[in-house]
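Each residue of the sequence shown is one higher than the one before, starting from 313 at the first, in my numbering.
Built from N, CA and C at the ideal position, the CB exists for glycine as well.
Step one of this worksheet: look at the structure below.
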Amino acid sequence: MTVSLEQLRRCHVAVDLGAARTRVYVKGAGLVVDQPSVVAVNIRNGALIAVGEFAEQMTGRTPDYIRVMRPVTGGTVVDIDMAQRMLRHLLGEKLRRQLRRKPRLRAAACTPHEADPLAQRATVETLVGLGARRVELVDTLIAAAVGCGLPVEQPTATMIMMCGAATTQVAVLSLGSIVTAARIPVGGEAVDHAVIQHLRHQHELMLPSQSVRPLQIALSENGLTLQGPSTTEIHGRDVATGLARSVRVDTAAVRDAIHTPLTAVLDGIGRILRDCPPDLVADLADRGIMMVGGSALLPGLDQMLRDATGMPVHIAERPDVCAVQGLGEMMEGNVASMVLSPLTT
């Protein structure tokens, strides 16, 4: 492993600050927080109005003096003070009191692959402000690979694809380390934006922001595939008149609109395979790609990757919580590092 498992075993709490959701794992208690990374603030006095799911429901429905904010963007903390206030509220007084009893509270946190020092510093300061005396940073790709049960410590290649809200990270792992990786600035939010723009330009319809993802899932039980229904009825607001209106949307056109931003992801996978040693590529032909992250559940994405790469594609059992579960496994001591003893002559 590129991180010290011995140091991780001394940690008491693990945090995954994602652009879409924040998750907290407490040693011995499991996953205790899984809420959207959203806060609603009264800009007149700075008071928190809501945090998590309730704040997300307020998006686009607030008066002028209430602002809905996301303190985390692309896995990077952009507002340290607001991220600390959000975490305090999500943890609750009872859990924070339990953590304060630890004389030297240690925390572990996920960071995106090749995160710059400023982003790493922001994550550390966020957890230090909550009382952590020491913070261990773990690459999100390694944590997610451990969380979904991949044998990352073995000398065989495993490819993992972390589908986040703002970015998609792809890596090939071997011997507990990243052999080659790419971070692509396309995620679930880019797909949502493509659907919104398609409906606006082709049908002059504005879709509520919280209706995009249910629309994608409702298109078909089999996802955005050729076997799905030919048309789907969509409710929204007319761009010209501002009145409520329903239209029949061609499923094939929506599928094409969604696939357009995903071509960058396919290019990233091709770049990874070109940079990977031939022996590891041979392993990947058998093992395939493991998809994790909240956007891995996007209908039809796995089939699109199969058709483009010719490799088997698997979706983790719980793809959205793999990263924090991997941190928890390493904290609990359930991951054994492979020790390479130096040869003596």
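- One Cα belongs to L399, the other to D562, and the distance between them is close to 42 Å.
- In this structure, DSSP gives R583 a helical state, which the three-state scheme calls helix.
- In this structure, the beta-carbon distance from A444 to A419 falls below 7 Å.
- Within the region 437-473, the complete beta strand (DSSP E) segments of 3 residues or longer fall at 446-451, listed in chain order.
- The continuous beta strand (DSSP E) containing H626 extends over residues 625-627.
- Between the alpha carbons of E405 and A427 lies a gap of roughly 31 Å.
- Per DSSP, M616 is not a residue of any beta strand (DSSP E); the alpha helix (DSSP H) it occupies stretches across 613-621.
- Taking the Cα positions, A628 is about 44 Å away from N357.
- The shortest CA-to-CA distance from H515 to any of S486, A493, A469, G548 is the one to G548.
- The beta carbon of L402 is closer than 8 Å to those of T334, V336, V345, Q347, V363, G364 in its chain, skipping five residues each way along the sequence.
- Excluding residues up to 5 positions away in sequence, Q396 lie with their Cβ nearer than 6 Å to the Cβ of G441 in the same chain.
- Under the three-state reduction of DSSP, R416 is assigned to coil, being neither helix nor strand.
- Taking all protein chains shown into account, G645 has fewer than 16 neighbouring C-beta atoms within 10 Å of its C-beta and is therefore exposed.
- Taking C-alpha positions only, L360 is separated from R379 by approximately 10 Å.
- Inclusion of E448 and A477 in the CB contact set at 7 Å is not warranted, their separation being larger than that value.
- In chain order, A456, G459, C460, V604, A628 place their CB closer than 7 Å to the CB of C634, counting only its own chain and leaving out the 5 sequence neighbours on each side.
- Following the DSSP letters along the chain, one finds L639 in no beta strand (DSSP E) but inside the alpha helix (DSSP H) bounded by residues 634-644.
- Under the criterion of beta carbons closer than 8 Å, V577 and V507 do not qualify as touching, at roughly 16 Å.
- When the beta-carbon positions are compared, D391 and P383 come within less than 7 Å of each other.
- Taken atom to atom, the span from the alpha-carbon of L519 to that of A352 is near 22 Å.
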